[in-house]
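Protein chains in written order, with this note's numbering: chain W, 100 to 339; chain Z, 100 to 339; chain F, 100 to 339; chain L, 100 to 339.
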């Protein structure tokens, strides 16, 4: 069974009654809830726990880490970011949600600024499937419509995705590469755009399907990490 | 359960006692055998059956089609090729093995000549994993070694693979992109190089693992194919 | 100097006075005009000429072929399509415009249906640059706005582009991968969406910049095509 | 004219008489020499200069930076690495040679460990062109042969290249993705494997062709960097 840890900075929920009302158990609680309902083995972790809830033991027992952060990216300790980074290279799956585009871990894995355009103006968002063969779109229709969401617009300063799965249309005139896969080391990464804290986006059945599919897609292969460093020849080398 | 059809032209086995001895049930029989042992629902089909064993009923009941051909690519009817092509675009997975690089169906899906260098000279082949995060390499070590195989060498005239999984080293001095994934329409395709008919390659446990992993990876998503053609607007268009 | 041939089926211009008025020299004439102004060596060819204006001599003297077709894709002779296909694999650049998505040559090179959603309803189109590092966007701003255009919408049934350069936003609610590069054999291909015959799109300075940049980007490398077929070993093969 | 800065840590040349003899003007001198001969505007910079020779003025006057480092990656100041990183995202081209795979700047841009297998044993290396359509292979044959080189072997822990141009065969039994392009922000990056300091690799005419082609390919587009941050709507947003 896939072991999932849902990480959330869990700050908006403490400060903003609107967010608290939408997500009384926190965004992590909502996400852990529907993933658990699908039969996955789910735990949560939050910023204010010791080691942000991401001790070596937690990380080594996590197949796929789901990440939501926004206000407090800078409070995530570099030492923890380095450990998460190493775990991804070792094979752990990583699902980065929404404002996690600016998290230290995503920027470290991408190597770019991960910057974008944004607007909080109740834009309608329509997410189009552009790769109908991808396991992450299993069970979806052609689009996912969100009546109101924060807008994220291009240019999104990321490496060209290994696979581009979704593109969003926004009412205010922008587009966005909303679903992007990356393979880094032995790990698989999925960035998924929707999920501003003041909207009930994570209760949308199709959003839940995407995140569930992504978690399953991102689970590690079972094999040893490659060997690096000095290597003896496998074949004879001629004396020249 | 994944429904697999293993297709083979099954001609070398009839003509060449060496091949017959290695594969008494045909190459299709050997492949169907190990896939069945892994619990997949496997059938076979061969060139000389009516409709090459690929009737509409067979195709519509196939999740993943495995393809081995060589001598008789030109004998495969264009009408059947067109049906297989359509089924791939509709979502059926397709695993093309070895000399299938020159099959009508692979060339039609790739849009290039699919040509390459080759040599039958008992080269040693060492297949290196270059994407350790891919589901197709689950359970493998760093390399697969084949004591003797036909050589296939670059330039291999294919589109750049969506994902490059394996690269082969050959004793005679060549390299080859040996494991390549493509997504076309709703279907997933995997090309895998090894498997010349005069060697017992399909009995090698790692080769069996790769083909089994590939079949699982290539199974279709469950959703409707996208709608094409004339489309009503989803939002009001201003009169200009 | 880059030798460009601009090919047009040139039928709308004969039948539809609206099109004739916008493009009195034909769409090919308009495109050849601005490419010539940029100092390129430009010729034109049209469907109703012998061999569609694409004789062996013309093709072998073409570095980059620009293609516009719509009504009469089926009238393009398969023999000519095969020759163009071979020339692309041999290194000729190919720029496919707008409704050329359904041309025989594009479908043959892509291996997919190349189908899409469409609507003639005066949608506003806003083309966003999603790859700001690409030579094809040299000199452009963040977007190209077209007040009225035909809508093309996802899903666009193409292979994932080697490089995705542009994504379009449409007023009626759709998005589209509008600028896509592909490398096939020795040739480079660029698909560019805009250019419905009833709008003066090819007079837009930014559209002209894109096509000019694309032609320069697509010019062939100067080298021999790779050698295929039976190959002698480059290193000694041990006797086993 | 393309303005190139060739950066070298220039330490082996001071310590090892073998290297000093092969490259009496330093590796940077050799590379600057042949690039200058091709008519490019070339300067050099080295680790032990103030700011490693990479002042703001130098960087802002560099279109393409060529990088060779090995022993002293850790001595490159993080502040300078951050400036080079920013310049790449702003559009500067970057050519990373050989042991530069482990430089801070390459690891920061890639987001992975960039680790690999290696061996100093006079392996023969044969570099195969796998993308014959790429501008970087202009003027080359099918392979580049180097009688003796350091071996670098897979797995090379990099993101899947945007374009894979070369794959190396090594006498001792390994393969390596030797020529890899990446587009990051507004900048283009090329990693090219050969060039161990104890071999005269940078005098090989084909190696010089590749580096010259890469410099030309990597020159920046002329346009403003995209605008990021809060964005006003371009279209009216309905009140809901």
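Virtual Cβ for every residue (Gly too), placed ideally from N, Cα, C.
Note that the structure is a prediction, hence the values are computed from the model and not measured.
Contact note: residue 284(F) reaches chain L through 231 and 232, using a C-beta cutoff of 9 Å and chain order. Setting aside the 5 residues that flank it on each side, residue 151(W) is surrounded in the same chain by 106, 144, 145, 175, 176 and 179, each with a C-beta closer than 8 Å to its C-beta; the list follows chain order. The continuous alpha helix (DSSP H) containing residue 130(W) extends over residues 125 to 136. Separation of residue 317(W) and residue 117(Z) (C-alpha to C-alpha, rounded to the nearest whole angstrom) is 44 Å. As the crow flies, the alpha-carbon of residue 325(Z) is around 12 Å from that of residue 236(W).
In the displayed model, residue 163(L) falls within a strand according to three-state DSSP. With a 10 Å radius around the Cβ and a threshold of 16 neighbouring Cβ atoms, residue 335(W) comes out exposed.
Here the alpha carbon of residue 124(F) sits roughly 15 Å from the alpha carbon of residue 136(F). In the three-state DSSP reduction, residue 255(Z) falls in the coil class, being neither helix nor strand. A contact is defined here as three or more CB-CB pairs under 8 Å, and the region 187 to 205 of chain W fails this definition with respect to the region 262 to 275 of chain L. Residue-level contact by beta carbon fails for residue 105(W) and chain F, as no gap is shorter than 8 Å. The alpha-carbon separation between residue 259(Z) and residue 279(F) amounts to approximately 14 Å. Of the candidates 131(Z), 182(Z) and 282(Z), the residue whose Cα lies closest to the Cα of residue 167(Z) is 131(Z). In this structure the region 277 to 293 of chain W lies against the region 307 to 323 of chain W, because at least three pairs of beta carbons, one per stretch, are closer than 8 Å. Neighbours of residue 321(W) in chain Z, taken as residues at a C-beta separation under 8 Å, are given in chain order as 237 and 238. Taking all protein chains shown into account, residue 281(L) has 16 or more neighbouring C-beta atoms within 10 Å of its C-beta and is therefore buried. Close to residue 317(Z), with beta-carbon spacing below 7 Å, lies no residue of chain F; the smallest spacing is near 16 Å.
Rounded to the nearest angstrom, the gap between the Cα atoms of residue 158(F) and residue 149(F) is 13 Å. Contact between residue 285(Z) and residue 232(W) holds, since their C-beta atoms are separated by about 5 Å, short of 8 Å.
Between the region 294 to 302 of chain L and the region 209 to 224 of chain W there are fewer than three inter-stretch CB-CB distances shorter than 8 Å, so the stretches are not counted as touching. At least 8 Å separates the beta-carbon of residue 304(F) from that of residue 245(F).
Taking all protein chains shown into account, residue 302(F) has fewer than 16 neighbouring C-beta atoms within 10 Å of its C-beta and is therefore exposed. Contact of residue 218(Z) with chain L by beta-carbon distance below 7 Å is absent, the smallest such distance being about 14 Å.
With respect to the 8 Å criterion, residue 210(W) and residue 208(L) are classified as neighbours on the basis of their beta carbons. Bridge pairing for residue 244(W): 225(W) [DSSP]. In this structure, the CA atom of residue 327(L) is about 8 Å from the CA atom of residue 254(W).
Flagged as an interface residue toward chain W: residue 330(L), by a C-beta distance shorter than 8 Å. In summary, the residues of the region 267 to 293 of chain W whose CB is separated from some CB of chain Z by less than 8 Å are 270, 282, 283, 284, 285, 286 and 287, in the order they occur in the chain. In the assembly as shown, residue 337(W) is an exposed residue. Its beta-carbon has fewer than 16 other beta-carbons within 10 Å. Closest option to residue 239(L), judged by alpha-carbon separation, among 257(L), 204(L) and 227(L): 227(L).
Under a criterion of Cβ atoms nearer than 8 Å, the residues of chain W adjacent to residue 225(Z) are, in order, 333. Cβ proximity to chain W below 9 Å picks out nothing from the region 107 to 136 of chain Z. The beta carbon of residue 201(L) is closer than 7 Å to those of 172 and 213 in its chain, skipping five residues each way along the sequence. Listed along chain F is no residue with a C-beta nearer than 7 Å to that of residue 200(W); the closest approach is about 15 Å. Listed along chain L is no residue with a C-beta nearer than 8 Å to that of residue 215(Z); the closest approach is about 11 Å. In the DSSP assignment, residue 262(Z) forms a beta bridge with 280(Z).
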